[in-house]
Amino acid sequence: MGDDEARRVHYKVEEFAAVGLRVIGVAKATLKANLLPGNQHDYDFTFLGLLGLSDPVRPGVPQAIQECYQAGVRVIMITGDHAQTARSIAAEIGLQNPEDVITGPELNVMGDIELCLRLKRVNCFARMVPEQKLRLVEMLKKNGEVVAMTG
């Protein structure tokens, strides 16, 4: 794939994610059984297209979020989804500060002091893996927060 096509695909991924779709890239590779690459990145893929999958918010979620806020409960969303998808869903459910998102790669280079400061405002975390979710929970507890998780 050339640079121009890669930019177009990236733009389309961002466009799909911005409206809350989960995006999957589809590609194919022709292989000979006796010449399998050792790493998936070594395959000679041909890009075929993108799929945008909708996973709609369940009815009642925005109301439940508002009830949490009315009860003085802070709600944080931690997801493995693309940042734009997470931002769109956060806005749809009424999460506070939905535009402010920390991604897994950003978290990886963030020290505890910076994370502690950012945790005071950020309620949406995207592209997180289980170990990163654990770090967030531990940091919230270290900050004196009472933490409960679901999902």
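For the sequence shown, the residue numbers in our numbering are 119 to 269.
Where is the CB? At the ideal position from N, CA and C, for every residue including glycine.
Since we're looking at a predicted model, the values are computed, not measured.
query, result
"Sufficient close CB pairs (3 or more, under 8 Å) joining the segment 219-226 to the segment 241-248", "yes"
"N-terminal and C-terminal residue of the alpha helix (DSSP H) that residue 135 is part of", "121-136"
"Supposed close pair residue 255, residue 265 - CB separation, criterion 8 Å", "5 Å"
"Beta-carbon gap between residue 218 and residue 242 smaller than 8 Å", "yes"
"Per DSSP, the bridge partner or partners of residue 163", "Answer is none; residue 163 lacks a bridge partner."
"Minimum C-alpha distance to residue 127 - residue among 194, 200, 167", "167"
"Three-state secondary structure assigned by DSSP to residue 201", "helix"
"Close Cβ partners of residue 199 (< 6 Å) along its chain, the five nearest in sequence each way excluded", "244"
"Cα-Cα separation, residue 129 to residue 138", "15 Å"
"Residue 269 - partner residues in DSSP beta bridges", "For residue 269, which the question treats as bridged, DSSP gives no partner whatsoever."
"Buried versus exposed call for residue 233 [16 or more other C-beta atoms within 10 Å across all chains shown]", "buried"
"Span of the beta strand (DSSP E), counted from its first residue to its last, around residue 144", "140-146"
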